[in-house]
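Numbering (our numbering), first residue to last: 9 to 227.
Cβ coordinates follow ideal geometry from the N, Cα and C atoms, glycine included.
As the structure is a prediction and not an experimental result, all values here were calculated from the model.
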């Protein structure tokens, strides 16, 4: 088994250079240890055209992948790299370890240690063309996160709210009354949202995964 222990702020030394990742902060994650792992890094780097530096050279296809993303990045910057990893995992699983999983690495402030959020089965759709094709083929109920302060839904009640687990739970209850029982609720995220805010949302809605679609959309 391979086990990697990371600092809350990850530091990677390579060719006499130092790269730092500020991990997103969460609380009370269910997963605090992952064994048999290899890492990928998405750094915040202002010297790059899109301010990101993507390092995946240490990934091993048969292991669990720990994806370390700097919390300062926007989803517009981070999601394309995460999409790449998801596609790479799907291809690897066809030929190797089907039980290998993908996790976001986080700083769990409640235990002052690392926490992990699994996203193996999530499909990321980025860009207007993908959104349009999905809308045309799915009679959907949805929740859109413009920011933590502005969340909207497809409910006929036409209400907005600030994100909290309590408010999100209330919105789900309303949507489930209006939607087909067999349908799952779609989540949409503004690509201008920070990765930190995205992970905060993900960490608090993960307990509702049975009624939320694995398809996530970024506009």
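{"Item": "Going by alpha carbons, who is nearest to residue 107 out of 115, 73, 26, 219?", "Value": "73"}
{"Item": "Among residues of its own chain, excluding the 5 on either side of residue 85, which ones have a beta-carbon nearer than 7 Å to its beta-carbon?", "Value": "58, 59, 60"}
{"Item": "In angstroms, rounded to a whole number, what distance separates the CA positions of residue 63 and residue 96?", "Value": "14 Å"}
{"Item": "Return the bridge partner residues of residue 48 from the DSSP annotation.", "Value": "75"}
{"Item": "Name the residue from 170, 129, 171, 117 whose alpha carbon lies nearest to the alpha carbon of residue 218.", "Value": "129"}
{"Item": "Which of helix, strand or coil does DSSP assign to residue 30?", "Value": "strand"}
{"Item": "Determine the direct distance from the alpha carbon of residue 133 to that of residue 225, and round the result to whole angstroms.", "Value": "5 Å"}
{"Item": "Please report the straight-line C-alpha distance between residue 52 and residue 121, rounded to a whole angstrom.", "Value": "22 Å"}
{"Item": "Kindly indicate which three-state DSSP category residue 133 falls into: helix, strand or coil?", "Value": "strand"}
{"Item": "Taking 7 Å as the cut-off, is the beta-carbon of residue 126 closer than that to any non-hydrogen atom of the ligand NAD?", "Value": "With respect to small molecules bound, the structure shown includes none, and the ligand NAD cannot be examined in it."}
{"Item": "Taking 8 Å as the cut-off, does the region 23-42 touch the region 73-83 (at least 3 CB pairs, one atom from each stretch)?", "Value": "yes"}
{"Item": "What's the gap between the Cα of residue 38 and the Cα of residue 197?", "Value": "24 Å"}
{"Item": "Given a threshold of 16 other Cβ atoms within 10 Å of its Cβ, counted over all protein chains shown, does residue 216 qualify as buried or as exposed?", "Value": "exposed"}
{"Item": "My output table needs one value for residue 163: the three-state DSSP class, helix, strand or coil.", "Value": "coil"}
{"Item": "What are the boundary residues of the alpha helix (DSSP H) that residue 205 is part of?", "Value": "203-213"}
{"Item": "By the three-class DSSP mapping on this structure, what secondary structure does residue 92 have?", "Value": "helix"}
{"Item": "Return the CA-CA distance between residue 155 and residue 169, expressed in angstroms with no decimal places.", "Value": "10 Å"}
{"Item": "Tell me where the beta strand (DSSP E) around residue 113 begins and ends.", "Value": "110-116"}
{"Item": "Since I believe residue 46 is in contact with residue 31 (beta carbons under 8 Å), could you give me their beta-carbon distance rounded to a whole number of angstroms?", "Value": "Incorrect: roughly 17 Å between the Cβ atoms, too far for contact."}
{"Item": "Can you give the beta carbon distance from residue 211 to residue 29, rounded, assuming they're within the 8 Å contact cut?", "Value": "No, residue 211 and residue 29 are not in contact; Cβ-Cβ is about 18 Å, not under 8 Å."}
{"Item": "The alpha helix (DSSP H) that contains residue 151, what's its start and end?", "Value": "That residue, residue 151, is in no alpha helix (DSSP H); its beta strand (DSSP E) goes 150-155."}
{"Item": "In this structure, does DSSP put residue 67 in helix, strand or coil?", "Value": "coil"}
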